[in-house]
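A short write-up of the structure that comes next.
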Amino acid sequence: MDLQGRLQKHQEAGLYRQRRLLSSPQTPEQCVDGQSLIGFCSNDYLGLANHPKVIEAMVTAAQRYGVGAGASHLVNGHHETHHDLETALAEFLGYPSVLLFSTGYMANTGTLNALLDRKSLVVQDRLNHASLLDGGLSSGATFKRFNHGDYSHLDQQLSGDSPQKWAVTDGIFSMDGDQADLRRMANVCAKHNAGLMVDDAHGIGVCGPNGRGTVAQQGLGVTEVPVLVGTLGKACGTFGAFVAGSEQLTDALVQFARPYIYTTALPPAVAAASLTALQLLAQADEARAHLQQLQSRLRQELTAMGYHLWDSVSPIQPVMIGDAAQAMAYSDALLKRGLLVTAIRPPTVPKHTARLRVTLSASHTNQQLDQLLQAFCDLRHLDRSYHGA
Ligand SMILES: *Cc1c(COP(=O)(O)O)cnc(C)c1O
């Protein structure tokens, strides 16, 4: 295996990625590679990752139960903190049952592999998160994609006579910030007798009544969306993930989802912190309103400056630049002004749609947003090659 050659090619193609070193909490004011910056790329949408009550819950639980879970759920790592969190999540979402996973990546790959077999058909939105695509591809099922948000294409792709069909989508898309029309998807699925699985990693905590996410926002529940995945590492501010569905679904996942079975359970202290975070999240209407106000301001003012924004309804606000090198130039220029905004380039997004992905959090102040807007205003002269989708 020629690693050196591969790395060199990767570098030459402009795809080489490097990690920045963070030495502060996940707050808007960050210390990155020794530099003080205002970050606009965290998924900590409600500022719970550094919330004193969440920290206290974690410390208290660690003092009581120790640090590690010590074993997988099926051996003897299934702790009452896990059980309490599952119960609280089910109640919060209005779903019959919830099963915790260690990560969203594992929840998605584990669930898809447990649900699907060689005779199944799985149809996914092209822009779904990598973990959904990987789960579908590795399941052995017939794997099809539909064009982003194109539900007549979904309808076509679901036709045929597989004994078991599933449609799969993100609730809010992680690179574009737009929302799936779950109601339309559910109707298409009903027509084909297909199941619907939704990954609402970016929706839970952010949208819907009490932050219950995209499914609740669109007035749906377990009948229309029998498999709902959420993560705890984003708006919840902690770590881990879960699958919500029927008792039968979570029972089947305990039996058949290999990433559930063959991994150490989350530390009980992390589950305890998540439970506290969930309680705060459910009551965070004020934070959600502030976030909404920051979003509208950003959209309005950048559009007035002549920037092209994506049709996003979430704290993920892509500013379309077009050319990949130009997106990098923008990102570098923002960094020089003490603002951390990542450039997202192909192949993560389609060609000629390189963008700056601004992510807002309820913990940003209007003054911090002012600084970002002023910088974008100063950089207006930089060339942009994006001419619309
Ligand atoms: C972040 C994310 C995941 C992965 O969740 P982790 O807990 O970080 O592994 C899955 N799906 C979507 C849509 C995500 O944004």
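Read in order, the letters of the sequence shown are residues 22 to 410 in our numbering. Don't be surprised by glycine CBs; every beta carbon is placed ideally from N, CA and C.
Would you mind sorting residue i into buried or exposed? The rule is 16 or more other CB atoms within 10 Å of its CB.
i           : result
residue 50  : exposed
residue 90  : buried
residue 214 : exposed
residue 28  : exposed
residue 355 : buried
residue 82  : buried
residue 31  : exposed
residue 101 : exposed
residue 180 : exposed
residue 103 : buried
residue 256 : buried
residue 308 : buried
residue 40  : exposed
Within this structure, are the beta carbons of residue i and residue j separated by less than 8 Å?
i           : j           : result
residue 350 : residue 375 : no
residue 241 : residue 204 : yes
residue 338 : residue 381 : yes
residue 135 : residue 277 : yes
residue 397 : residue 341 : no
residue 298 : residue 69  : yes
residue 345 : residue 67  : no
residue 253 : residue 261 : yes
residue 229 : residue 237 : yes
residue 141 : residue 185 : yes
residue 189 : residue 165 : no
Helix, strand or coil for residue i? Go by DSSP, reduced to three states.
i           : result
residue 235 : helix
residue 132 : helix
residue 212 : helix
residue 157 : helix
residue 286 : coil
residue 191 : strand
residue 118 : strand
residue 363 : strand
residue 291 : helix
residue 197 : coil
residue 59  : strand
residue 41  : coil
residue 166 : strand
residue 50  : strand
residue 251 : strand
residue 27  : helix
The region 182–201 / the region 319–335 touching (three or more Cβ pairs under 8 Å):
A contact exists between the region 182–201 and the region 319–335.
Indicate whether the contact test is met: 3 or more Cβ pairs, each with one atom in the region 288–306 and one in the region 147–155, closer than 8 Å.
no
Does the region 261–271 touch the region 51–67, meaning 3 or more C-beta pairs lie closer than 8 Å?
Too few Cβ pairs lie closer than 8 Å, so no.
Any 3 or more C-beta pairs closer than 8 Å across the region 102–112 and the region 306–326:
They do not touch, by the three-pair rule.
Cβ contact (3+ pairs, closer than 8 Å) linking the region 351–366 and the region 271–291
no
Whole beta strand (DSSP E) elements within the region 315–370, 3-residue minimum:
337–343, 363–365
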